[in-house]
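Numbering (my numbering), first residue to last: 2 to 187.
Structural data, given as structure tokens:
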């Protein structure tokens, strides 16, 4: 069994359990953590997670962060200046891009077809690396989570600390980790 299939099985076991609905947004978040080298394999097998969700009686909605930076950049009035002087992009990234990315996710979370029995699956978070932190984006949308938010996370989880792309800096988040080590909660 491949690593992605193993993660899908662990996810299936977790998502099929009865859902508690009176949780805070952070507690409704699930991180499926996998080695960054498996990003393409995960994308090719996302249907395993979708099928596990639907067979458990829940709805599935997905969101890909991959095109988010280019969508934001294409709308900037001064984008040519930023290409000439990339260091001048630092401040807009910290504020404007962060809010743009969070609002793109919020549109999905708040969609008419999303309710308390819907899993919103987010992938492509590696494309945010160097532009915005996943933790800051999640902080912006945490109140908008109705059912469950599943973040496909290429990185590491160790001692309640998540590190995107195995980078040095990480953050502590209350999400439920699904990893390849010792079942759902390490």
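Even glycine gets a Cβ: it sits at the ideal position worked out from N, Cα and C.
Query, Result
"In this structure, does DSSP put residue 91 in helix, strand or coil?", "helix"
"Which one of 104, 17, 69 and 132 has the shortest CA to CA distance from residue 58?", "17"
"Taking one C-beta from the stretch 158-169 and one from the stretch 96-113 each time, how about it: are there three or more such pairs within less than 8 Å?", "no"
"From residue 152 to residue 52, what does the alpha carbon distance come to, in whole angstroms?", "16 Å"
"Taking 8 Å as the cut-off, decide whether the C-beta atoms of residue 62 and residue 112 are in contact.", "yes"
"Give every residue of the same chain whose Cβ lies closer than 8 Å to the Cβ of residue 60, excluding the five residues on either side of it in the sequence, and list them in chain order.", "54, 114, 115, 116, 118, 119, 120 and 148"
"Here's the rule: buried if 16 or more other CB atoms are within 10 angstroms of the residue's CB, otherwise exposed. What is residue 29?", "buried"
"Could you check where the alpha helix (DSSP H) with residue 168 kicks off and where it finishes?", "Run containing residue 168: none; DSSP gives neither H nor E here."
"Please specify which runs of the alpha helix (DSSP H), each continuous and at least 4 residues long, are wholly inside the stretch 107-161, giving them in chain order.", "135-142"
"Which residue from 129, 4, 86 and 182 puts its Cα closest to that of residue 71?", "129"
"Report the CB separation of residue 49 from residue 91 in whole angstroms; it is logged as a contact under 8 Å.", "In fact, because the Cβ distance is near 39 Å, the residues do not count as touching under 8 Å."
"Can you tell me the Cα-Cα spacing of residue 156 and residue 85, whole angstroms?", "32 Å"
"In its own chain, which residues sit with a C-beta less than 7 Å from the C-beta of residue 1, not counting the 5 before and 5 after it?", "For residue 1 there is no data in the structure shown, the boundaries of the chain being 2 and 187."
"Can you tell me which of the three DSSP states residue 20 falls into?", "coil"
"Using DSSP with H/G/I as helix, E/B as strand and the rest coil, what is residue 12?", "helix"
"Rounded to a whole number of angstroms, what is the C-alpha to C-alpha distance between residue 14 and residue 104?", "31 Å"
"For the stretch 33-90, which segments carrying the beta strand (DSSP E) assignment without a break, of at least 3 residues, lie completely within its bounds, in sequence order?", "60-65"
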